[in-house]
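J.: According to the working numbering, the sequence shown is numbered sequentially starting from 99.
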Amino acid sequence: VLLPTLGKVQLSTPLVQSKLEELMQKPAGRLNRFREDIEKLWMAFVEADLHRRQLRVLERKLEVLLPTLPRDQLTTAFVQAKLEEAMQRPAGRFDKFQSEID
Numbered sequence: 099v100l101l102p103t104l105g106k107v108q109l110s111t112p113l114v115q116s117k118l119e120e121l122m123q124k125p126a127g128r129l130n131r132f133r134e135d136i137e138k139l140w141m142a143f144v145e146a147d148l149h150r151r152q153l154r155v156l157e158r159k160l161e162v163l164l165p166t167l168p169r170d171q172l173t174t175a176f177v178q179a180k181l182e183e184a185m186q187r188p189a190g191r192f193d194k195f196q197s198e199i200d
């Protein structure tokens, strides 16, 4: 049983491989629960990778944008509004990134 990779992270290790082979010998009910757990884990990896890539894009945009903004007006809300404007996104689009923008 081979697991996919995520970027440069190989998800198949000898330990994981042996556990998968062991679980393949178990009754179908346990195997189905295991598959559900693997799917949840994979989705968590995918979401984390997406978030990481989104942050990298925002970091690059901020590297260009921040030097152009007046220092005395640098608040999270102001920077977020200017970032959304520069990237042509609707207001509030980057609300989930406020802690990173701060």
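We put the CB at the ideal spot given by N, CA and C, even for glycine.
1) How big is the Cα-Cα spacing for leucine 139 and aspartate 170?
2) For phenylalanine 192, which three-state DSSP category applies?
3) Can you tell me whether valine 202 is buried or exposed, with buried defined as 16 or more other CB within 10 angstroms of its CB?
4) According to DSSP, simplified to helix, strand and coil, what is glutamine 152?
5) Go ahead and pull the three-state DSSP assignment for methionine 141.
6) Taking 9 Å as the threshold (C-beta atoms), are alanine 189 and glutamate 182 in contact?
7) Closer than 6 Å by C-beta to aspartate 200: which residues in its own chain qualify, once you throw out the five before and the five after it? Chain order, please.
8) Quick one: measure Cβ to Cβ for leucine 167 and lysine 159, integer angstroms, because I've assumed they're closer than 8 Å.
9) Return helix, strand or coil for aspartate 170, following the three-state DSSP convention.
T.: For this structure:
1) Those two C-alpha atoms are separated by around 44 Å.
2) Coil.
3) Residue 202 is absent from the model: the chain starts at 99 and stops at 200.
4) In the three-state reduction of the DSSP assignment, glutamine 152 falls in the helix class.
5) It is helical.
6) Yes, they are a contact pair.
7) Answer for aspartate 200: Thr174, listed in chain order.
8) That pair is no contact at about 12 Å.
9) Aspartate 170 carries a helical assignment under DSSP once its states are collapsed to helix, strand and coil.
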